[in-house]
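Here my numbering = 1-based position in the sequence shown + 7. Structure first, then comments.
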Amino acid sequence: MQAPLVASNPEPLVNVLHEDDALLVVNKPAGLVCHPTKGDAFSSLIGRVRVYLGETAHPHLINRLDRETSGVTLIAKNDATALGLRKLWERREVRKGYLAIVHGHVREDHGIIDAPLGKDKNSSVAIKDCVLAGGAPAQTAYAVKCRFSRAEGDFSLLEVEPLTGRKHQLRIHLAHIGHPIVGDKLYGPDEQIYLDFVNYRLTAEQRARLILPCHALHASEVNLAWRGKPWSFAAEPEPGFPEFIPSPIRWHRAD
Numbered sequence: 008m009q010a011p012l013v014a015s016n017p018e019p020l021v022n023v024l025h026e027d028d029a030l031l032v033v034n035k036p037a038g039l040v041c042h043p044t045k046g047d048a049f050s051s052l053i054g055r056v057r058v059y060l061g062e063t064a065h066p067h068l069i070n071r072l073d074r075e076t077s078g079v080t081l082i083a084k085n086d087a088t089a090l091g092l093r094k095l096w097e098r099r100e101v102r103k104g105y106l107a108i109v110h111g112h113v114r115e116d117h118g119i120i121d122a123p124l125g126k127d128k129n130s131s132v133a134i135k136d137c138v139l140a141g142g143a144p145a146q147t148a149y150a151v152k153c154r155f156s157r158a159e160g161d162f163s164l165l166e167v168e169p170l171t172g173r174k175h176q177l178r179i180h181l182a183h184i185g186h187p188i189v190g191d192k193l194y195g196p197d198e199q200i201y202l203d204f205v206n207y208r209l210t211a212e213q214r215a216r217l218i219l220p221c222h223a224l225h226a227s228e229v230n231l232a233w234r235g236k237p238w239s240f241a242a243e244p245e246p247g248f249p250e251f252i253p254s255p256i257r258w259h260r261a262d
């Protein structure tokens, strides 16, 4: 009989927020891809979920987060649950909340970014999109949670809600209004940083420009009505996220 897979590091396979017979909700760590790569079973979220649930499981990722985005991720344990939950997403009946640390002091306390998105044909990065006239409609709501300064410059902590579900929407929209997410390798100061990152040649100077090893975007909550009742799943960001904010004002709203 084949020996069970055992993780080679001490961290838990998955950080479980909720589990029942149909649904598993986890807090995905930053730096972990959702889908399998050429690595082992522990190199992707879905791989870890399969190990956690057992070899007979057939889990379905309901929402997906970028590699460097942490936070609430829903996994259906069966086909029927996956179908039902995906219909909620398609009908835009799910509210998702994010936390983002961005460069600069955002002037308005709250607002909506309404800017269509499409492929960035001027970029050397195949997966990069941009604000594009005639692109797919996209709207993002934001509210300033606090503004602060550090030796590296001025920053704002935002609560962000995607009103549509476009690829990289939050990252593109925040960069578009002049406040890119701290640590964003693709939509931050220079896309060459992303190209050097994927080719394992980031320099010390580039790392210093990023400030953080992963971009500061966290999927903090998911709210939906399912099976006849409201559900709310929430997760705190990893320690490095709140630690970036000076402690006297940490998590306090702006006046």
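By construction, the Cβ of each residue, glycine as well, lies at the ideal position given by its N, Cα and C atoms.
Closest option to Asp136, judged by alpha-carbon separation, among Arg102, Pro123, Gln146 and Thr80: Pro123.
Rounded to the nearest angstrom, the gap between the Cα atoms of Val23 and Pro36 is 11 Å. Shown here for Glu166: same chain residues with a beta carbon closer than 6 Å to its own, the five before and five after excluded, namely Ala150 and Lys152 in chain order. Assignment of Ala242 by DSSP, reduced to helix, strand and coil, places it in the coil class. Residue burial annotation: Ile119 is exposed, with fewer than 16 other C-beta atoms found within 10 angstroms of its C-beta. Counting only unbroken stretches of 4 or more residues, the alpha helix (DSSP H) elements lying wholly within the region 152 to 192 are 176 to 183, in sequence order. Distance from the CA of Arg234 to the CA of Val33, rounded to the nearest whole angstrom, comes to 20 Å. If you ignore the 5 residues before and after His65, its C-beta comes within less than 6 Å of no other C-beta in its own chain. Given a length threshold of 3 residues, each whole run of the beta strand (DSSP E) inside the region 194 to 246 is given here in chain order: 224 to 233 and 236 to 241. Taking the Cα positions, Leu209 is about 42 Å away from Ala29. Contact between the region 243 to 250 and the region 219 to 227 is present: 3 or more CB-CB pairs across the two stretches fall below 8 Å. The C-beta of Gly195 has 16 or more other C-beta atoms within 10 Å across all chains shown, which makes the residue buried.
No Cβ-Cβ contact shorter than 8 Å links His175 with Gly111. Sequence-distant Cβ neighbours of Asp127 in its own chain, meaning closer than 7 Å and more than five residues away, are Lys135, Asp136 and Cys137. Contact annotation, Gly38 with Arg74: C-beta distance approximately 6 Å; criterion of less than 8 Å satisfied.
In this structure, Gln199 is the residue among Gln199, Asn230 and Val229 with its C-alpha nearest to the C-alpha of Leu217. Asp121: not part of any alpha helix (DSSP H); member of the beta strand (DSSP E) spanning His117 to Asp121, first to last residue. Proximity to Ala232 across Gly91, Cys41, His25 and Leu164 peaks at Gly91, based on C-alpha coordinates. Remark: C-beta atoms of Arg102 and Glu168 approach each other more closely than 8 Å. The DSSP-derived three-state label of Ile134 is coil. In the structure shown, the three-state DSSP call for Val56 is helix. DSSP places Thr88 within a helical segment (H, G or I) once states are collapsed to three. Contact annotation, Ala148 with Leu170: C-beta distance approximately 6 Å; criterion of less than 8 Å satisfied. Here Gly61 is exposed. Its C-beta has fewer than 16 other C-beta atoms within 10 Å.
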